[in-house]
Amino acid sequence: MEREPAAAVSIEGLRKTVTVGFRRRRVEILKGVDLTVGEGETVGLLGPNGAGKTTTLKIALGLMRPSAGTARLGVAGLHEVGYLPENAYFYDYLSGRELLGLCARLLGLSRGARDERIAEALKEVGLQDAAGTQLRKYSKGMLQRIGIAQALINDPRLILLDEPMTGLDPIGRVEVKRIIQRLREEGRTVLFNSHILADVGELCSHVAIMRSGEVVWRGPVEDAVPSGGGSLEDFFVQVVTEGAVEPENAESGSPGVTR
Amino acid sequence: MSRAFAIAANTFRETIRDRILLVILVFALAMIVASLWLASISLGQEARLMQDFGLVAVSGFGVIVAVFVSAGLVRKEIDKRTVFIIFSKPVGRGEFIAGKFLGLSATMAIVVFGMTVFLFLLVWAVAGEPSGRLLVAGGFIYLQVLVVMAVTIFFSTFAAPVLAAVLGLCVFAAGQLSHNVLSLTQLGENAVLEGLSWVVFLVVPNFSAVSLTPVVVGEQVADWSTISGWGGYLVAYAVIMLGLSWLVFRRKEF
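Protein sequences appear in the order of chains P and R. Those letters in the first sequence? Residues 1 to 259, by this note's numbering. Those letters in the second sequence? Residues 260 to 513, by this note's numbering.
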């Protein structure tokens, strides 16, 4: 992971090729992703399945290596980053408090800071009463919330959430949305993948749309939702099926079209 | 290093809560108790037979537990995607491997020393003459178990758990036999076979040459400097295997 203070996330020309199957066929899953996330922005990364959203996040975190290009995080190190993986699985023999304790230790928090941050994180996600319960007894919504709590345990400046709303019932969705809203209000940088466009429109300041391993549109949410009507869903379908779209309001100063 | 200890503590918690471990441990203790039957048919050799048979049981079950637990130790984290939680934090690949090894080492210390102390007490109660070296032999079995664990973890960084377990057991078996096979091939005149035996002898851990069981049962004599040398050899072998595991694992993508 390289560092650059100017932007919270700076991805340039990111390519990733993997080999698949017995004949080791080469498949290019990222074809030159360019994406910049400014400090304090809440960015929704959209795209159909297989567009390369998760791979982009994984490379940014160092879980995968790029074949070409760079992914820089504008933080001092991973101790300033919070990450919730897609369909996160946690050690189900641990209690919620034990999991957060483990994550806090991995982040190098001192014992005093650990106890304080665990209590705060549990409170932030509303799981104080279930803190001593083993994770195997948690519901899907509770697991997603404890996942967010472990992502926030270090009070991170940059938060990456991979499909945070997937599989949640309406109540769980509302709870997770409330957490993301609060992070936005606190001025943290949040980048999250989602298929639920209504939530992205509601929560994000900016949207980036990926298709077939490339970012084909990036700009403020207002530019994606025309003032005369239409929805983010219509805009998304248009971008994904028809290609790049010029922003409606060119004077807005948005980064706008990326290709 | 504190991150490695955090992973170690979690691994210990995971493995010690595994019920299969408890089942195997109960079975191993039953096998040790079965040495009473052997003692009953021996002629004045109760203590020796009980110690010999008991140490084989401790070693055998220790290795079985070590191989099957360590074969899935790393792969399970990848398959269940808990590695995402670990490596999205500032945790090095070496710290992860070291932590997994240390955690399982703590569990295996309880397993091996628990069985050894049980055997010691049994010999004491039945034959009344346990050798103090029985406990040292238990320590040596523990070192052998650590080597088998390190070897199996190395295989598990690139192979499926079943294959890693089979390869781990094969290395253990080869390590038990390599010394004798080399001696036999040296008696013959086949240079190729002798060369192959030398390769196996040098590559696999030489368990048969560094076992304390013959010393405990009075078949062999060894002074403390020799015993220390054997211990150093086993520790060095485990460290090298963990280093190789790190070299393979650091290239892994998730």
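By construction, the Cβ of each residue, glycine as well, lies at the ideal position given by its N, Cα and C atoms. Bear in mind that the values here come from a model prediction, so they are computed numbers and not experimental data.
Exercise for the section: Please report how far the alpha carbon of T17/P lies from the alpha carbon of G213/P, in whole angstroms. Expected result: 10 Å
Practice task
Tell me whether I275/R sits in a helix, a strand or coil according to DSSP, three-state version.
Solution key: helix
Handout entry: Range covered by the alpha helix (DSSP H) that runs through S442/R
Key = 420-446
Practice task
Can you tell me which of S347/R, W296/R, S470/R puts its alpha carbon nearest to the alpha carbon of L436/R?
Solution key: S470/R
Problem - chain P contact for E354/R (CB, 7 Å cutoff) - result: no
Problem - Span of the alpha helix (DSSP H), counted from its first residue to its last, around F90/P - result: Looking at the DSSP string, F90/P is not in any alpha helix (DSSP H), and its letter there is neither H nor E.
Handout entry: Bridge partner(s) assigned by DSSP for F192/P
Key = G44/P, L161/P
Practice task
Measure from the C-beta of V350/R to each C-beta in chain P and report whether the shortest distance is under 7 Å.
Solution key: yes
Exercise for the section: Kindly identify the DSSP beta-bridge partner or partners of A384/R. Expected result: A384/R pairs with nothing; no bridge assigned.
Problem - Buried or exposed by the 16-neighbour rule on C-beta atoms within 10 Å, applied to F346/R - result: buried
Exercise for the section: For chain R, find out if any of its Cβ atoms is closer than 7 Å to the Cβ of E4/P; answer yes or no. Expected result: Legend: pLDDT at E4/P = 44, less than 50; position of this residue unreliable, no value from coordinates given.
Exercise for the section: For H195/P, decide whether its Cβ has a neighbour in chain R, counting only Cβ atoms nearer than 7 Å. Expected result: no
Practice task
Put G256/P into one of helix, strand or coil per three-state DSSP.
Solution key: In this prediction, G256/P scores a pLDDT of 40, lower than 50, which makes its location untrustworthy; the coordinate-derived value is nonetheless stated afterwards. Looking at G256/P - three-state DSSP - the assignment turns out to be coil, as it is neither helix nor strand.
Problem - Secondary structure of D223/P, DSSP reduced to three states - result: helix
Handout entry: Burial state of A104/P, where buried means 16 or more other Cβ atoms lie within 10 Å
Key = buried
Practice task
Compare the Cα-Cα distances from S261/R to each of G331/R, V350/R, S318/R and report the closest residue.
Solution key: V350/R
Problem - Exposure label - P226/P; buried when at least 16 CB within 10 Å - result: exposed
Exercise for the section: Please name the residue or residues paired with Q134/P in a DSSP beta bridge. Expected result: S95/P
Exercise for the section: Would you kindly report the start and end of the unbroken beta strand (DSSP E) that includes D34/P? Expected result: 25-37
Problem - Residue range of the beta strand (DSSP E) that includes L14/P - result: 9-20
Practice task
Under 6 Å Cβ to Cβ from A357/R, same chain only, skipping five residues before and after it: list those, please.
Solution key: A263
Exercise for the section: Find out if the Cβ-Cβ distance for the pair F343/R, P85/P is shorter than 7 Å. Expected result: yes
Exercise for the section: Could you tell me if E163/P is buried or exposed, where buried requires 16 or more neighbouring beta carbons within 10 angstroms of its beta carbon? Expected result: buried
Practice task
With DSSP as the reference, label T70/P as helix, strand or coil.
Solution key: strand
Handout entry: Nearest candidate by alpha-carbon position, reference E39/P, set G50/P, I146/P, E124/P, H206/P
Key = H206/P
Exercise for the section: In angstroms with no decimal places, state the Cα-to-Cα distance between G219/P and A208/P. Expected result: 7 Å
Handout entry: Proximal residues to R352/R (C-beta, below 7 Å), its chain only, five neighbours per side dropped
Key = W505, F508, R509
Problem - Contact list for F90/P against chain R, beta-carbon separation under 8 Å - result: T341, I344
Handout entry: Within chain R, the residues that M64/P reaches when beta carbons sit closer than 9 Å
Key = E512, F513
Handout entry: Chain-ordered neighbours of V9/P on chain R, where CB pairs are closer than 8 Å
Key = The premise fails here: V9/P is roughly 14 Å from chain R at the closest Cβ pair, so nothing lies under 8 Å.
Problem - Cutoff 7 Å: R262/R Cβ touching any chain P Cβ - result: yes
Practice task
Output yes if chain R places a C-beta closer than 7 Å to the C-beta of G77/P; else output no.
Solution key: yes
Problem - Inter-residue CB distance, V37/P and A7/P (contact presumed, cutoff 8 Å) - result: 6 Å
Practice task
Give, in chain order, every residue of the stretch 151-175 of chain P whose Cβ lies closer than 7 Å to some Cβ of chain A.
Solution key: Within the model displayed, chain A is absent; protein chains P and R are what it includes.
Exercise for the section: Measure the alpha-carbon distance for A212/R versus V463/R and round it to whole angstroms. Expected result: Any answer about residue 212/R is impossible in this case: the structure gives chain R only from 260 up to 513.
Problem - Residue of F414/R, V421/R, V370/R, F417/R minimising C-alpha distance to I400/R - result: V370/R
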